[in-house]
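> In full-length UniProt numbering, the protein residues as written are 1 to 296.
A virtual CB, placed ideally from N, CA and C, is assigned to each residue, including glycine.
Sharing a structure with you now.
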Amino acid sequence: MACWLLLPYSFLPSGVPRPLAAPRTLPPACQFKMPWDTADEKEETPPPSKGSEQPYYSPTDDVIERMFGFFFGAPQEGEVAGIARTASAPDTYPATKTEFAAAVEGDDEEMARLRPLLKNTNLEFLRLRKAYDAQRDGWSAAAFHAKVDKMGPCLVVCATEGGAYCGGYAPKGFAGYGEYRGSIAAFLFTWPTAEAAAPIKLQKIGGAGLATIDEPETGPRFGADGLTIFLSPGRERLAMSKLGPFYEVMPDGTRHIFAPGENMKGTQLTSCAVYVGVWPEGERIPYDGAVPFALE
1 MACWLLLPYS FLPSGVPRPL AAPRTLPPAC QFKMPWDTAD EKEETPPPSK
51 GSEQPYYSPT DDVIERMFGF FFGAPQEGEV AGIARTASAP DTYPATKTEF
101 AAAVEGDDEE MARLRPLLKN TNLEFLRLRK AYDAQRDGWS AAAFHAKVDK
151 MGPCLVVCAT EGGAYCGGYA PKGFAGYGEY RGSIAAFLFT WPTAEAAAPI
201 KLQKIGGAGL ATIDEPETGP RFGADGLTIF LSPGRERLAM SKLGPFYEVM
251 PDGTRHIFAP GENMKGTQLT SCAVYVGVWP EGERIPYDGA VPFALE
């Protein structure tokens with residue numbers, strides 16, 4: 001059926017006769033019905049079954065809520081900053097300090113010690129392997145990048161001369177492209193002394209940006225100064241840590257992750273290693289290349 005375009009009389013050219021009366025209703029083909037228009041329905045439509053794509057509107061929903069539901073679906077309830085944390089979306093939220101990952105078959109003693117840190121990360125359920133070991137592969141940035149680049153999310157672990165056992169989680173790994181890699185899920189951790197029963201976990205702060213700095217001429221860097229492991233000539237074993245600008249300070253206010261009495265501007269490491277995930281065959285490793293700015 002043809003659909004007539006109705007214009008106000010003032011838009012009709014001179015000489016064109018005006019209709020005696022404007023039509024009171026549009027032709028059926030031009031009548032549109034919105035999903036929430038139920039006034040003329042005689043029977044109530046039952047709620048759709050679970051899993052149905054048809055949106056269901058509560059009788060108490062206002063027009064805005066119904067429009068939102070029509071375009072985006074019914075809102076879901078959650079607990080983490082209003083959004084439900086799910087296992088299907090790892091590395092999406094700030095690192096948890098109250099939940100801990102369970103052991104995975106094949107974990108050795110050191111992996112079992114580190115595993116609880118990986119709750120809600122891409123590495124939580126994967127077997128881990130030591131991709132880089134400074135004692136084995138060399139204390140150099142070149143050796144670090146040769147072993148770690150494009151291996152996806154990783155856990156950097158080091159020990160200081162003063163007895164701290166510390167490091168950080170890089171959700172987007174390293175690639176050696178000179179990028180600033182952002183992620184709100186990045187974190188630092190430390191057992192500041194050998195007697196510490198549990199690690200202290202420090203979240204990324206100030207937004208996702210600059211979680212790690214991926215420079216080919218240096219080792220791993222978390223934030224501009226949260227944790228820097230140089231691995232450069234003359235500073236092969238030197239590490240620096242300044243908390244506050246990019247990562248939380250310690251619970252007692254300490255502004256580094258090293259042992260008590262160690263210098264935040266430079267302390268010597270006795271070991272440095274990086275763990276990566278063992279990904280199932282055929283599964284693409286996330287963040288195994290350059291990170292587009294849109295993902296930051």
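In angstroms, rounded to a whole number, what distance separates the CA positions of Y287 and P192?
Those two C-alpha atoms are separated by around 31 angstroms.
> Which of the three DSSP states is assigned to E179 in this structure?
Residue state, collapsed to three classes: strand.
> Tell me whether Y169, by its Cβ, gets closer than 7 angstroms to a heavy atom of the ligand ATP.
The ligand ATP is not part of this structure, which contains no ligands at all.
> Go ahead and pull the three-state DSSP assignment for A294.
With a pLDDT of 42 at A294, under the threshold of 50, the modelled position of this residue cannot be trusted, and the question is left open.
> Going straight from the alpha carbon of F230 to that of E99, what length do you get?
Looking at the two C-alpha atoms, the distance is approximately 32 angstroms.
> Between the Cα of A89 and the Cα atoms of Q135, G163, I184 and R115, which residue gives the shortest distance?
Closest by alpha carbon: I184.
> Just to confirm my understanding: we take R181, look at its own chain, exclude 5 residues before and 5 after, and list those with CB closer than 7 angstroms. What are they?
Closer than 7 angstroms at Cβ, skipping near neighbours: K172, A211, T212, D214 and V291.
> Return the residue from the list I200, L238, R129 and F174 that minimises the CA-CA distance to I257.
Of I200, L238, R129 and F174, the residue nearest in Cα terms is I200.
> Is it true that the CB of I285 sits closer than 8 angstroms to the CB of E248?
No, these two residues do not count as a Cβ contact at 8 angstroms.
> For D91, which three-state DSSP category applies?
Correct three-state label for D91: coil.
> According to DSSP, is M250 part of a helix, a strand, or is it coil?
Here M250 sits in coil by DSSP.
> With 16 as the cutoff for other CB atoms within 10 Å, does N263 come out buried or exposed?
N263 comes out exposed.
> Going by the beta-carbon positions, is the gap between K147 and A134 smaller than 8 angstroms?
No.
> List in chain order: all unbroken beta strand (DSSP E) runs of 3+ residues lying wholly within the segment 197-265.
With a minimum length of 3 residues, the continuous beta strand (DSSP E) runs that stay inside the segment 197-265 are 200-203, 212-214, 227-229 and 238-240.
> Which word fits T270, buried or exposed, when buried means at least 16 other C-beta atoms lie within 10 angstroms of its C-beta?
It counts as exposed.
> Excluding the 5 residues preceding and the 5 following E281 in the sequence, name in chain order all residues of the same chain whose CB lies nearer than 8 angstroms to its CB.
The answer is none, since no qualifying residue turns up.
> What is the residue span of the beta strand (DSSP E) that D108 lies within?
Run containing D108: none; DSSP gives neither H nor E here.
> Should Y275 and C154 be called a contact, given that it needs their Cβ atoms to be closer than 8 angstroms?
Contact flag set, yes.
> Please work out which residues of its chain come closer than 6 angstroms, Cβ to Cβ, to R136, disregarding the five sequence neighbours upstream and downstream, and give them in chain order.
Here the set comprises nothing.
> Tell me, please, which residues DSSP counts as bridged to W191.
Answer by DSSP bridge pairing, in chain order: Y165.
> To which residues of the same chain is K265 closer than 7 angstroms at the C-beta, ignoring the five residues directly before and after it?
For K265, where only same-chain residues beyond five positions count, the Cβ hits under 7 angstroms are M240.
> DSSP has Y275 in a bridge; who is on the other side?
Bridge partners of Y275: K130 and L155.
> Quick check on DSSP: helix, strand or coil for A102?
Correct three-state label for A102: coil.
> What residues in its chain sit with their C-beta under 7 angstroms from that of G289, if we drop five residues either side in the sequence?
Answer for G289: K150 and A175, listed in chain order.
> Under DSSP, the alpha helix (DSSP H) around K147 begins and ends at which residues?
Unbroken alpha helix (DSSP H) run through K147: A141 to V148.
> Does any residue of chain C have a CB that is nearer than 8 angstroms to the CB of E248?
Among the chains of the structure shown, chain C does not appear; only one protein chain is present.
> Between E179, D225, A197 and A142, which has its C-alpha nearest E236's C-alpha?
The shortest C-alpha separation from E236 is found at A142.
> With a CB to CB cut of under 8 angstroms and the five nearest residues on each side skipped, what residues in its chain are close to W139?
Only L231, E236, R237 and C272 meet the Cβ criterion.
> Under the DSSP definition of a beta bridge, which residues are partnered with F269?
One detail in the question is off: residue 269 reads as Leu in this sequence, not Phe. L269 pairs with T160.
> Assign G253 to one of two classes, buried (16 or more other C-beta atoms within 10 Å of its C-beta) or exposed (fewer than that).
With fewer than 16 other Cβ atoms within 10 Å, it is exposed.
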